[in-house]
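Report on the structure given below.
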Amino acid sequence: DSGVTQTPKHLITATGQRVTLRCSPRSGDLSVYWYQQSLDQGLQFLIQYYNGEERAKGNILERFSAQQFPDLHSELNLSSLELGDSALYFCASSGGPHRATDTQYFGPGTRLTVL
Amino acid sequence: AQKITQTQPGMFVQEKEAVTLDCTYDTSDPSYGLFWYKQPSSGEMIFLIYQGSYDQQNATEGRYSLNFQKARKSANLVISASQLGDSAMYFCAMRERSNYQLIWGAGTKLIIKP
């Protein structure tokens, strides 16, 4: 158990809908990262937050947004869902904001299926 | 340009044998970290081992060790005495000081045969 929690574990929804994925980092970790894992794209970095502030953006679509709350949990919002958004979405956390040595610990993931 | 290359899409290994999973990387940043993660069929991503670019010795964690050859830009994962539970996807990843994100290889699917 990494100490990172994600809910829900599975999510099935229809095209055009909006969903929210939730993540709680390990106790004491200030950084939260979101990744998408799909069969055709592999693992892709979406976005990072550190202590409530956005730190970095990766390949995140405009239809997607995220935030980190004062209690450090984070939510990833996906809207106007398309079939291609079906993927495994991971949240990871680390202690520091930006060091090459910071190990990211991953949650169990949320498997999103868009029908 | 691809920064992390895992050339072995799949490997079959006999139980109790040692296995080496290859990873080469490309970066111009002198400060970086290399990570290996395991992803079983259940889907979770499990951190295994870390090597820093300035580390003088190869990292070890139990049955896992990292064969770090900086000049060749390779960071191969060695699993000693493989077990059936080692069957999984293994990902090599890199993080540069100048970048916030982990950059991932395509992964190697390891299957341990009894």
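Chains as they are written, first to last, in the numbering used here: chain Y, 2 to 116; chain U, 27 to 140. The C-beta atom is built at its ideal place from N, Cα and C for all residues, glycine as well.
Opposing strand residues paired with residue i [DSSP bridges]
i                          : result
cysteine 49 (chain U)      : In the DSSP output, where bridge partners are listed per residue, cysteine 49 (chain U) has none listed.
tyrosine 58 (chain U)      : U:Glu122
phenylalanine 46 (chain Y) : Y:Tyr36
alanine 57 (chain Y)       : Y:Gln49
glutamate 156 (chain Y)    : Residue 156 (chain Y) is absent from the model: chain Y starts at 2 and stops at 116.
phenylalanine 94 (chain U) : U:Ala101
glutamate 63 (chain Y)     : Answer is none; glutamate 63 (chain Y) lacks a bridge partner.
serine 67 (chain U)        : Bridge partners of serine 67 (chain U): none, in fact.
lysine 29 (chain U)        : Lysine 29 (chain U) is not bridged to any residue.
glycine 36 (chain U)       : U:Lys135
phenylalanine 91 (chain Y) : Y:Tyr36
leucine 73 (chain Y)       : Looking at the DSSP assignment, leucine 73 (chain Y) forms no beta bridge with any residue, so it has no partner.
Below-8 Å beta-carbon distance, residue i vs any chain U residue
i                      : result
glycine 96 (chain Y)   : no
tyrosine 50 (chain Y)  : no
glutamine 69 (chain Y) : no
arginine 56 (chain Y)  : yes
glycine 110 (chain Y)  : yes
glycine 53 (chain Y)   : no
leucine 89 (chain Y)   : yes
Within-8 Å CB hit, residue i to chain Y
i                          : result
alanine 101 (chain U)      : no
leucine 128 (chain U)      : yes
glutamate 87 (chain U)     : no
glycine 69 (chain U)       : yes
leucine 90 (chain U)       : In the sequence as presented, leucine is not what sits at residue 90 (chain U); that position holds tyrosine. No, its Cβ sits nowhere closer than 8 Å to a Cβ of chain Y.
tyrosine 76 (chain U)      : yes
phenylalanine 94 (chain U) : no
phenylalanine 38 (chain U) : no
Residue from the options with nearest C-alpha to residue i
i                           : options                                : result
glutamate 70 (chain U)      : Y:Leu116, Y:Val115, Y:Gly110, Y:Leu77  : Y:Gly110
histidine 11 (chain Y)      : Y:Ile61, Y:Val20, Y:Leu31, Y:Tyr34     : Y:Val20
proline 56 (chain U)        : U:Arg123, U:Gly131, U:Ala85            : U:Arg123
leucine 92 (chain U)        : U:Val104, U:Thr31, U:Phe38             : U:Val104
tryptophan 130 (chain U)    : U:Thr46, U:Phe38, U:Val45, U:Asp52     : U:Asp52
tryptophan 62 (chain U)     : U:Lys29, U:Ile72, U:Ser54              : U:Ile72
alanine 88 (chain Y)        : Y:Phe70, Y:Ser94, Y:Val115, Y:Arg64    : Y:Val115
phenylalanine 107 (chain Y) : U:Thr31, U:Gln65, U:Gly111             : U:Gln65
leucine 143 (chain Y)       : Y:Thr104, Y:Gln105, Y:Leu79, Y:Asp103  : Residue numbering for chain Y in the displayed model covers 2 to 116; residue 143 (chain Y) lies beyond these limits and cannot be assessed.
glutamine 45 (chain Y)      : Y:Ala93, Y:Ser28, Y:Glu54              : Y:Ala93
aspartate 112 (chain U)     : U:Thr33, U:Tyr90, U:Leu128             : U:Tyr90
leucine 110 (chain U)       : U:Met120, U:Tyr126, U:Lys139, U:Gly133 : U:Lys139
Proximal chain Y residues relative to residue i, where beta-carbon distance stays under 8 Å
i                       : result
glutamine 132 (chain U) : A quick correction: the sequence has alanine, not glutamine, at residue 132 (chain U). Within chain Y, the residues near alanine 132 (chain U) are Gly43.
tyrosine 51 (chain U)   : In chain order: nothing, as chain Y lies at least about 12 Å away.
Cross-chain neighbours of residue i in chain Y, by beta carbon under 9 Å
i                      : result
glutamate 41 (chain U) : Residues of chain Y passing the Cβ test: none, with the nearest at roughly 26 Å.
Contacts of residue i in chain U (Cβ-Cβ under 7 Å)
i                       : result
glutamine 105 (chain Y) : Leu128
glycine 59 (chain Y)    : Gln127
Interface residues of chain U facing residue i [CB-CB closer than 9 Å]
i                          : result
phenylalanine 46 (chain Y) : Tyr126, Gln127, Leu128, Ile129, Trp130
Near the ligand NAP: residue i beta-carbon under 7 Å from a heavy atom
i                        : result
isoleucine 138 (chain U) : For the ligand NAP, the structure offers nothing, since it holds no ligand at all.
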